[in-house]
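Residue numbers (the working numbering), protein chains in the order written: chain A, 7 to 606; chain B, 2 to 381. By construction, the Cβ of each residue, glycine as well, lies at the ideal position given by its N, Cα and C atoms.
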């Protein structure tokens with residue numbers, strides 16, 4: 007460069023310029039700045055995923071006993087606390103948060119001599135309660151979680167209606183691994199499941215491709231996994247953290263995938279692991295081979311007791327076989343689960359109705375303990391005029407007849423009363439039979455509840471409609487229309503409300519809004535009750551009752567020291583609750599039989 | 002009588018003395034020391050003495066999920082963190098066979114060049130400071146801050162951006178960002194003549210820096226020198242052109258070289274590179290709005306992300322030279338082994354120990370800085 011005498015004068019140009027020094031006052035941060043944390047406590051579910059992803063262990067979940075704790079909705083009473091001595095403001099916690107409750111704010115100044123002030127429980131107001139705006143917050147285009155469930159191959163309506171073959175095809179290997187890998191391992195499912203299945207563990211095993219470990223984790227709590235993998239009411243999925251912003255993990259289908267892949271020998275080996283080799287010498291009778299009875303039998307047999315199940319029907323399984331249609335639960339899959347339990351040494355005596363072939367009293371004499379697992383096999387009646395007509399059936403009766411292969415006069419047009427899953431089961435079963443017999447479907451279903459309040463699963467309702475079942479929600483049955491001893495239909499009126507102010511069942515009708523559904527058969531599917539005819543009068547007197555149900559303690563123990571009761575008989579309403587009951591009762595029986603020597 | 006194994010203690014010549022140079026001094030961007038032997042003010046011998054910033058990054062990375070490491074890698078080099086994120090992410094993408102969407106590739110290129118601009122501005126200030134010219138240091142740092150403001154807007158953070166992620170980037174560019182970047186580039190261009198007056202064309206600088214710490218092209222190749230330091234020896238090697246990644250093959254730019262191989266040449270090459278980076282950024286600004294699409298490829302759940310068995314070596318032209326990441330996966334959710342090939346390792350150890358010998362004590366700091374080595378990256 008050339009030098010010049012006047013060169014120093016160039017500095018004069020800087021006199022009018024602003025200095026380049028930086029301002030000392032804090033200025034507002036950029037709109038997506040990563041400052042101190044914010045957390046919406048209402049939206050936060052305490053799943054702890056932020057804690058898991060934090061690479062500096064700066065996040066710790068803190069328990070708050072006063073907060074809402076709702077395992078069924080998937081909410082834990084804990085919230086994240088941040089240690090700003092460790093936080094690096096990477097905001098991975100924000101990008102992975104399944105609910106989107108956590109965000110980083112535009113606040114960035116905190117000066118204090120007290121180190122404790124650097125540990126905060128972020129809320130919506132920020133570290134100093136000054137309500138700084140959100141900075142780095144959830145963005146849909148770079149979410150770290152996959153909110154879309156892997157699609158499940160299912161037969162279409164035309165295909166389904168043709169026969170009783172299973173509708174759902176199950177995941178293939180690739181879909182199962184991808185679906186399993188969506189799980190964030192928060193354990194909400196474990197808490198929500200009545201049996202507290204180890205779903206995070208078996209999902210993790212599946213994403214690692216380890217079927218054996220998955221089956222082992224499943225069998226820790228569930229001896230009927232092929233059944234639950236198909237027809238479980240999956241409270242786990244309702245509670246799943248992924249449910250908040252997308253599809254929950256298909257936990258039920260993953261369980262089914264694990265069981266479908268597992269070799270039978272492997273399943274048997276896993277079921278036998280930990281079985282007590284030496285017989286205890288105690289004998290237990292279980293009445294009923296539904297999920298509650300089978301689970302109790304499984305646990306007790308593993309504990310070394312001699313277990314005999316008495317089953318009134320020709321084959322074991324209870325409602326799983328005689329209530330659930332085969333298109334939802336193929337019976338060979340049920341048989342596989344039951345065979346595992348049989349191979350543990352459980353004897354199942356079918357066609358043996360207690361109270362008829364053998365008395366309860368003799369069981370009491372012969373066995374050290376008796377478990378009642380008889381379920382609810384009698385249909386309730388609406389008791390409306392005309393309901394005593396021979397062409398009025400109960401749904402559970404018809405479903406059992408279908409399973410047993412017993413014929414019944416197949417109606418041209420059937421009217422089903424009820425809005426639960428049993429109503430859907432019978433409507434769809436009859437629809438299939440009509441399709442095979444007459445080439446057309448003629449089933450009408452009426453329910454007291456409005457469409458969105460019906461108790462049946464949403465997919466059941468949708469699939470029933472697809473298969474040609476006409477659903478009329480919000481209607482109350484008035485009487486069966488009988489013309490010269492011939493049933494011709496059901497008269498209904500609009501139902502305005504079902505319960506009164508006190509929450510008691512007291513439907514209100516609009517009598518002016520009448521509809522008559524044509525049909526030569528009416529099927530009632532409004533609830534079931536137990537067949538307690540086996541209890542003699544003396545026992546009836548001695549037993550404590552809770553309303554119409556036998557009173558039991560938390561372990562299923564009745565007021566009689568030798569008698570336990572499990573399953574639908576004491577609390578509903580599904581297989582997984584019965585399994586949970588079975589475990590508790592088996593534990594209680596075991597302790598009672600072994601006294602102080604009982605090993606948990 | 003002396004025992005047989007007696008060896009007399011060897012004393013240095015009486016005019017020589019040892020000086021512990023560092024670890025805190027303006028000669029380098031962090032804590033780093035030299036054991037210098039001097040005779041008068043002439044350097045006789047130098048031993049590099051690093052390790053003050055060793056945090057065990059490579060080992061730490063083995064303990065972290067693939068995605069968690071993006072929060073760790075920028076810390077390996079403070080003044081130029083984006084190439085760290087980029088190189089690591091690219092290795093993970095190779096292992097996981099992830100294709101980066103085109104828009105994300107353009108945004109990543111933008112980030113890399115912005116980072117180069119900040120690093121070079123920091124360098125100008127730093128090099129000036131080693132000669133006691135603190136005005137230039139303030140200017141360099143404050144102009145760098147304007148680019149950091151843009152980084153804050155784009156990535157949410159000023160220095161450790163943690164913005165590039167395997168599969169793409171974490172957020173799209175904000176509204177009006179490219180306009181503001183363009184204005185900042187205009188500003189920087191108006192500043193260059195002033196920097197010239199104050200620093201590059203300053204006779205003091207020229208006299209001090211010319212001939213300081215020279216190396217020949219042969220020596221540079223032998224010692225593993227890369228980046229601007231290599232180009233200052235007359236070798237036009239640049240990974241952006243010679244092993245292009247992202248969208249560099251669609252961009253036009255020159256590769257400035259000088260032939261002297263001394264501190265002055267190294268500084269002047271960086272000055273030219275700043276101009277080239279601005280030129281590249283202008284091309285990206287013109288092109289980016291027309292590149293639509295997602296900013297990140299779909300990634301598996303980071304908690305369950307098993308990368309297949311294998312290894313990958315990726316390299317990036319950082320402001321300091323060739324930055325490489327060798328990442329090995331054994332099929333798990335975390336790296337099995339990561340090795341960082343940082344350019345500063347070569348520059349600050351074997352090169353510095355050689356080229357400082359024979360120089361004067363007051364030039365040691367500027368020679369160190371002219372290599373633009375980054376101690377945290379040397380120590381890792």
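Identify every residue that forms a DSSP beta bridge with residue i.
i, result
"residue 45/A", "108/A"
"residue 486/A", "496/A"
"residue 227/A", "Answer is none; residue 227/A lacks a bridge partner."
"residue 60/B", "Paired residues: none, contrary to the question."
"residue 291/A", "314/A and 376/A"
"residue 476/A", "450/A"
"residue 90/B", "Bridge partners of residue 90/B: none, in fact."
"residue 355/A", "316/A"
"residue 201/B", "DSSP, once it has assigned bridges, lists no residue as partnering residue 201/B."
Indicate the three-state DSSP secondary structure (helix, strand or coil) for residue i in the structure shown.
i, result
"residue 364/A", "strand"
"residue 419/B", "No answer is possible for residue 419/B: the residues shown for chain B start at 2 and end at 381."
"residue 314/B", "strand"
"residue 535/A", "strand"
"residue 7/A", "Reliability of the predicted coordinates at residue 7/A is poor, the pLDDT of 49 falling under 50, and no value is obtained from them."
"residue 103/B", "helix"
"residue 371/B", "helix"
"residue 14/B", "coil"
"residue 400/A", "strand"
"residue 21/A", "helix"
"residue 586/A", "helix"
"residue 385/A", "strand"
"residue 14/A", "helix"
"residue 247/A", "helix"
"residue 606/A", "Note that residue 606/A scores a pLDDT of 48, beneath 50, so its modelled location is shaky; the value from the coordinates is reported in the next line. It is coil, neither helix nor strand."
"residue 600/A", "helix"
"residue 257/A", "helix"
"residue 273/A", "helix"
"residue 425/B", "The question about residue 425/B has no answer here: the residues shown for chain B are numbered 2 through 381."
"residue 19/B", "strand"
"residue 444/A", "helix"
"residue 39/B", "strand"
"residue 571/A", "strand"
"residue 501/A", "strand"
In chain B, which residues lie with their C-beta within 7 angstroms of the C-beta of residue i?
i, result
"residue 58/A", "304"
"residue 264/A", "Simply none; closest approach about 16 angstroms."
"residue 39/A", "153 and 157"
"residue 4/A", "With chain A represented from 7 up to 606, any question about residue 4/A goes unanswered, as that position is not in the structure."
"residue 16/A", "198"
Give me the chain B residues within the contact set of residue i, using Cβ-Cβ distance strictly less than 8 angstroms, ordered along the chain.
i, result
"residue 190/A", "302 and 304"
Can you check whether the C-beta of residue i is within less than 9 angstroms of a C-beta belonging to chain C?
i, result
"residue 25/B", "The chain labelled as chain C is not found among the protein chains of the depicted structure, namely A and B."
Starting from the beta carbon of residue i, find every residue of chain A whose beta carbon is closer than 8 angstroms, and list them in chain order.
i, result
"residue 73/B", "61"
"residue 68/B", "59, 98 and 150"
"residue 296/B", "147 and 148"
Quick one: is the Cβ of residue i within less than 8 angstroms of any heavy atom of the ligand NAD?
i, result
"residue 354/B", "Here there are no bound small molecules, and the ligand NAD is not part of this structure."
Residue i touches chain A at which residues, Cβ-Cβ below 9 angstroms?
i, result
"residue 299/B", "152"
Whose Cβ in chain B lies nearer than 9 angstroms to the Cβ of residue i?
i, result
"residue 187/A", "301, 302, 304, 305, 306 and 307"
So residue i contacts chain A; which residues on that side make the cut at Cβ distance below 7 angstroms?
i, result
"residue 65/B", "61"
Which ranges does the alpha helix (DSSP H) cover as unbroken runs of at least 4 residues, wholly within the segment 235-272 of chain B, from first to last along the chain? 240-243
Residues in the segment 167-186 of chain B with C-beta within 7 angstroms of chain A's C-beta atoms, listed in sequence order? 171, 172, 173 and 175
Within the segment 266-350 of chain B, ranges of the beta strand (DSSP E) (whole runs, at least 3 residues): Counting only runs of 3 or more, we get 311-319, 322-330 and 338-342.
I'd like the ranges of any alpha helix (DSSP H) spanning at least 4 consecutive residues and lying wholly in the segment 161-197 of chain B. 178-196
Interface residues of the segment 86-106 of chain A facing chain B [CB-CB below 9 angstroms]: 94, 95, 96, 97, 98, 101 and 102
Could you list the residues in the segment 127-145 of chain B with a C-beta less than 7 angstroms from some C-beta on chain A, going in chain order? Shown in chain order are the members of the segment 127-145 of chain B whose Cβ falls below 7 angstroms from a Cβ of chain A: 139, 140 and 143.
Selection of the segment 125-152 of chain A by Cβ proximity to chain B, strictly under 8 angstroms: 141, 142, 145, 147, 148, 150, 151 and 152
Contact list for the segment 208-220 of chain A against chain B, Cβ threshold 7 angstroms: 213
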